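Below is one structure, written out as structure tokens; comments come after it.
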Amino acid sequence: MKQLLIFSGILLIFSNAFAQKSLPSPPVLPRNPDDNKVYYKEISQTDGVERAELMKRAMNWVHHYYKNPTGIINLSDSINGVIILKPQFVTYRVKDDIKVQASMIRYTLTLGFKDGGKYRYEIKDINLKADSYFPLEKLFDENDPNVADHYNTLSEADRTFQELIKGLKKGMDMPSEKIKKDEW
């Protein structure tokens, strides 16, 4: 009986030592149905606001949200109601209990405006800063040996984009100029 217990204990230890780790599951990011690339897009309505006011609100948000807004503005067209930004941000991972930079994510943010309070944002062309173009979609490869780090980068990018969208919507609801009370 004693030998059976010892044998069972040894078998349990070795079975845990040689057990395969479960693969992490990829994060769910929105995709463009046409080309299956990661793509964020929404059309919103702010009633009673003209295109010029929407552009002012967007520029106020850009100057508040980004550290170097003039360096990332690619196009600001008030006639057609379009702002195109080419920003980037850093993602991190933990290696040996130390937080280290994982990647630099670049993307294109296109803001479009119409009279009547309608505006739209598109986050597209998301890629990693590298020697050549490296689309974000390559990080979904589950056969890559660094799959856990890649999925962490994807999750962190999604969190950053969700925070950006939340901040943009809040900024688009704020008037571009503070309304002064009529004081006598």
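The sequence shown lines up with residues 1 to 184 when you count with this note's numbering.
The C-beta atom is built at its ideal place from N, Cα and C for all residues, glycine as well.
Fair warning: this is a prediction, and the values are worked out from it, not measured in the lab.
- Residue state for Gly112 is assigned as strand, using DSSP reduced to three classes.
- When secondary structure is reduced to three states using DSSP, Val49 falls in the coil class, being assigned neither helix nor strand.
- Taking 9 Å as the cut-off, the Cβ atoms of Ile79 and Thr110 do not count as close.
- If you compare the alpha carbons of Pro24, Ser25, Asn36, Pro26 with that of Ile126, the shortest gap goes to Asn36.
- With a contact defined as Cβ atoms closer than 8 Å, Tyr151 and Pro30 miss out at about 16 Å.
- DSSP lists Arg106, Pro135 as the beta-bridge partner residues of Asn127.
- Contact annotation, Pro27 with Leu154: C-beta distance approximately 5 Å; criterion of less than 8 Å satisfied.
- Contact between Lys118 and Gln45 holds, with the beta-carbon distance rounding to 6 Å and staying under 8 Å.
- Closest in alpha carbon position to Val38, among Leu139, Lys170, Pro175, is Leu139.
- Counting only residues of its own chain and dropping the five nearest sequence neighbours on each side, Ser76 has a CB closer than 6 Å to the CB of Ile83.
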